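Quick note: the sequence shown uses our numbering, first residue 10, plus one each step. Structure record follows, encoded as structure tokens.
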Amino acid sequence: MTIDFNINRAFEKVLTTDRQIIDLVGGRGRGGSYFGTDYFLFLLVSSDYFRGCLLRQVFYDIRDSLFRDIKDRISEHGLEFSKRFKINESEMRISYHTGRKNEKGTEIVNEIISKGFVTSSNRTAKLKSLAGFTHVLIEEANEINEYQFDQLLLSLRTKKVKHIQVLRIFNPPPKRHWIWRDYNLVNSEYQGYYRYTPKTDSGVEMCFSTYLDNIKNLNSAYIARLEKLQERPDIYYTIVKGLIGEGNVGRIYTHFQHVSNSEFDNIDSRSVYVIDFGFSEDPTALIQVKWRDNRLYVREHLYQSGLDDLTIAKRMIDLGITYRDTVIADYGNGGDVRIHNLRTGGGGAWDNIEGYPELKKGFSVYYAKKGAGSIAAGINMVKSYDVYVTEDSVNAWSEVQDYCWAISRDSEILDVPIDKFNHIMDCIRYFVLYKSAHRI
10 MTIDFNINRA
20 FEKVLTTDRQ
30 IIDLVGGRGR
40 GGSYFGTDYF
50 LFLLVSSDYF
60 RGCLLRQVFY
70 DIRDSLFRDI
80 KDRISEHGLE
90 FSKRFKINES
100 EMRISYHTGR
110 KNEKGTEIVN
120 EIISKGFVTS
130 SNRTAKLKSL
140 AGFTHVLIEE
150 ANEINEYQFD
160 QLLLSLRTKK
170 VKHIQVLRIF
180 NPPPKRHWIW
190 RDYNLVNSEY
200 QGYYRYTPKT
210 DSGVEMCFST
220 YLDNIKNLNS
230 AYIARLEKLQ
240 ERPDIYYTIV
250 KGLIGEGNVG
260 RIYTHFQHVS
270 NSEFDNIDSR
280 SVYVIDFGFS
290 EDPTALIQVK
300 WRDNRLYVRE
310 HLYQSGLDDL
320 TIAKRMIDLG
330 ITYRDTVIAD
340 YGNGGDVRIH
350 NLRTGGGGAW
360 DNIEGYPELK
370 KGFSVYYAKK
380 GAGSIAAGIN
390 MVKSYDVYVT
400 EDSVNAWSEV
410 QDYCWAISRD
420 SEILDVPIDK
430 FNHIMDCIRY
440 FVLYKSAHRI
């Protein structure tokens with residue numbers, strides 16, 4: 010079977026490059042996901058051997074993005090009723106029976122599977138099964154971290170094709186993002202924004218495009234929305250023109266200021282501690298907050314993933330936190346169980362921990378204020394304060410840069426924040442809501 014594969018000229022290098030990593034990067038509306046899924050369908054039905062993987066940070070996010078797009082491409086090519094396709098909806102897997110046989114007389118069956126670096130429950134997924142795969146298509150590649158990507162490359166090692174290809178689709182993240190390690194950045198004609206080209210020894214091929222390269226496939230209303238964004242240069246230069254900015258688009262907090270560690274220590278004020286529990290991937294964050302009049306002073310003390318309750322409790326003792334101190338914690342997603350352990354010294358199991366006799370007393374941990382509307386209310390309340398964060402709070406300052414309002418596929422800034430880069434940001438929000446509710 011063959012299909013009419015009409016390639017956008019902006020992506021032609023995908024067909025000829027011998028580089029393993031191919032970045033389909035640029036502005037919104039460029040058609041990167043369309044090309045990527047159409048290319049995978051073409052390889053699925055025409056290759057003698059093809060194993061493709063649709064990949065995102067979270068496995069279940071694939072269902073309404075790449076997996077749906079692949080099925081749309083099948084329908085657009087008039088193949089939805091072909092008996093050669095076997096689609097497993099639960100596993101998001103597509104098999105294609107080619108009708109051809111290999112040298113052993115067995116029918117060749119090509120395949121596309123779906124995987125995530127983590128599951129919806131934040132468990133790390135195993136990628137060892139990708140050893141025989143020929144192609145990987147990663148959507149929102151800027152969401153994954155450097156270690157995850159390097160581990161992916163190590164898992165790809167088949168000899169059944171001349172070149173393994175890893176296609177990354179992403180809108181340009183800020184210039185400090187790890188993905189730019191393979192690029193040279195140069196100043197653009199717009200102050201504070203950068204263009205980029207792959208380093209010669211990087212092994213990366215770049216296909217850069219914007220909506221102008223795909224304009225014949227876009228409706229007039231969408232084009233008008235993109236062009237109207239010229240009224241917002243901070244958005245237009247990044248998500249429309251595909252340039253790199255100093256920080257993320259739609260940052261929620263822009264008013265935070267630095268304070269030295271010594272200044273923080275010398276502030277004569279009561280302290281409250283706040284915890285946002287993490288699990289296998291997400292870090293547990295713990296901050297200390299002081300306040301005076303309309304000023305908040307914040308210091309990061311802990312930001313680490315994979316910590317169990319006993320380890321967190323020990324770290325709290327090491328920081329000098331006792332049962333006399335007020336601790337606020339997030340009770341969601343199993344946090345209520347963890348709070349119970351901290352309050353009761355592990356339910357009595359920590360009574361005789363060597364070197365930590367204070368553990369048996371437990372901690373004075375209170376539930377964070379949550380519920381409908383609490384996120385928006387808390388963000389607005391944080392914005393009403395002058396917020397000072399210590400210079401050594403590295404992860405806090407990183408979150409300040411990355412914590413942004415969500416942006417729709419139509420490039421509209423939404424009224425809800427993204428659910429990431431928010432562990433310390435959530436801690437600050439929990440504090441101001443608790444402070445308001447209890448008038449402390």
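For every residue, glycine included, the Cβ atom is placed at its ideal position computed from N, Cα and C. Just so you know, these numbers come straight off a predicted model, no measurement behind them.
Nearest candidate by alpha-carbon position, reference residue i, set the options
i: ASP302; options: LYS369, LEU252, VAL441, LEU88; result: VAL441
i: VAL213; options: VAL23, PHE430, ILE449, ARG82; result: VAL23
i: ASN17; options: ILE121, LEU221, TRP189, ILE261; result: LEU221
i: VAL67; options: GLU149, LEU53, VAL283, TYR246; result: GLU149
i: TYR375; options: THR26, ILE348, THR399; result: ILE348
i: LYS80; options: ARG65, ASN97, LEU64; result: ASN97
i: ARG352; options: THR331, ASP428, ARG109; result: THR331
i: LEU162; options: LEU64, GLY343, SER197, LYS429; result: LEU64
i: ASN270; options: TYR397, ALA19, ASP291; result: TYR397
i: LYS237; options: GLU421, PHE44, ARG304, GLU120; result: GLU421
i: GLU367; options: GLY343, ALA377, ALA322; result: ALA322
i: ILE244; options: ILE416, SER55, HIS106; result: ILE416
i: THR128; options: THR25, GLU85, TYR69; result: TYR69
i: VAL54; options: ILE384, SER91, ARG304; result: SER91
i: LYS169; options: ASN223, ASN111, LEU194; result: ASN111
Buried versus exposed, by CB contacts within 10 Å (16 or more), residue i
i: LYS299; result: buried
i: TYR156; result: exposed
i: SER130; result: Below a pLDDT of 50, predicted positions are generally treated as unreliable, and SER130, at 49, falls in that range; no measurement from the model is reported.
i: VAL307; result: buried
i: ASN431; result: buried
i: GLN6; result: Not covered by the structure: residue 6. The range shown for the chain is 10 to 449.
i: GLY382; result: exposed
i: HIS172; result: exposed
i: HIS144; result: buried
i: VAL268; result: buried
i: THR399; result: buried
i: ASP13; result: exposed
i: GLN266; result: exposed
i: TYR443; result: buried
i: LEU75; result: buried
i: ASP435; result: buried
i: VAL391; result: buried
i: GLU21; result: exposed
i: ASN226; result: exposed
i: ASN196; result: exposed
i: ASN15; result: exposed
i: SER445; result: exposed
i: ARG333; result: exposed
i: GLY35; result: buried
i: ASP411; result: buried
Rounded Cβ spacing between residue i and residue j (contact assumed at less than 8 Å)
i: ILE71; j: SER104; result: About 17 Å separates the two Cβ atoms, so there is no contact after all.
i: CYS62; j: PHE126; result: About 12 Å; that fails the 8 Å criterion.
i: LEU319; j: GLY364; result: Their Cβ separation, rounded to whole angstroms, is 12 Å, which puts LEU319 and GLY364 out of contact at 8 Å.
i: ILE388; j: ARG448; result: At roughly 20 Å, the Cβ-Cβ gap does not stay under 8 Å, so ILE388 and ARG448 are not in contact.
i: ILE276; j: ILE433; result: Incorrect: roughly 19 Å between the Cβ atoms, too far for contact.
i: THR293; j: LEU316; result: 5 Å
i: ILE121; j: ARG109; result: Contact doesn't hold; Cβ gap of about 18 Å is too wide.
i: TYR246; j: TYR199; result: 5 Å
i: GLU116; j: THR107; result: 7 Å
CB of residue i within 7 Å of CB of residue j, strictly
i: GLY251; j: PRO181; result: yes
i: LEU139; j: LEU165; result: yes
i: ILE248; j: ARG37; result: yes
i: SER402; j: GLU272; result: no
i: GLY41; j: ILE178; result: yes
i: VAL336; j: PHE288; result: no
i: THR46; j: ARG93; result: no
i: LEU33; j: CYS216; result: yes
i: ASP339; j: PHE286; result: yes
i: TYR262; j: ASN404; result: no
i: TYR202; j: GLY259; result: no
i: LYS468; j: ASP360; result: The requested residue 468 does not occur in the structure, where the chain is confined to residues 10 to 449.
i: ILE31; j: LEU176; result: yes
i: PHE158; j: ASN119; result: no
Contact with chain D by residue i, beta-carbon distance below 7 Å
i: ILE103; result: The chain inventory of the structure shown lacks chain D, comprising one protein chain alone.
Heavy atom of the ligand NAP within 6 Å of residue i beta-carbon
i: ARG77; result: This structure does not include the ligand NAP; it has no bound ligands of any sort.
*What are the complete alpha helix (DSSP H) segments, minimum 4 residues, inside the stretch 288-325?*
Within the stretch 288-325, no complete alpha helix (DSSP H) run reaches 4 residues.
*Runs of beta strand (DSSP E) lying entirely within the stretch 320-376, each at least 3 residues, in chain order*: For the stretch 320-376, the full-length beta strand (DSSP E) segments reaching 3 residues or more read 335-338, 373-376 along the chain.
*At which residue ranges does the stretch 77-122 contain complete beta strand (DSSP E) runs of 3 or more residues, listed in the order of the chain?*
List check, beta strand (DSSP E) in window: 94-97, 102-110.
*Along the chain, which unbroken stretches of the alpha helix (DSSP H) at least 4 residues long are found entirely within the stretch 387-435?*
Correct list: 403-411.
*asked:* If we require 3 or more residues per run, which beta strand (DSSP E) segments fall completely within the stretch 173-248?
replied: List check, beta strand (DSSP E) in window: 174-179, 192-196, 202-207, 213-218.
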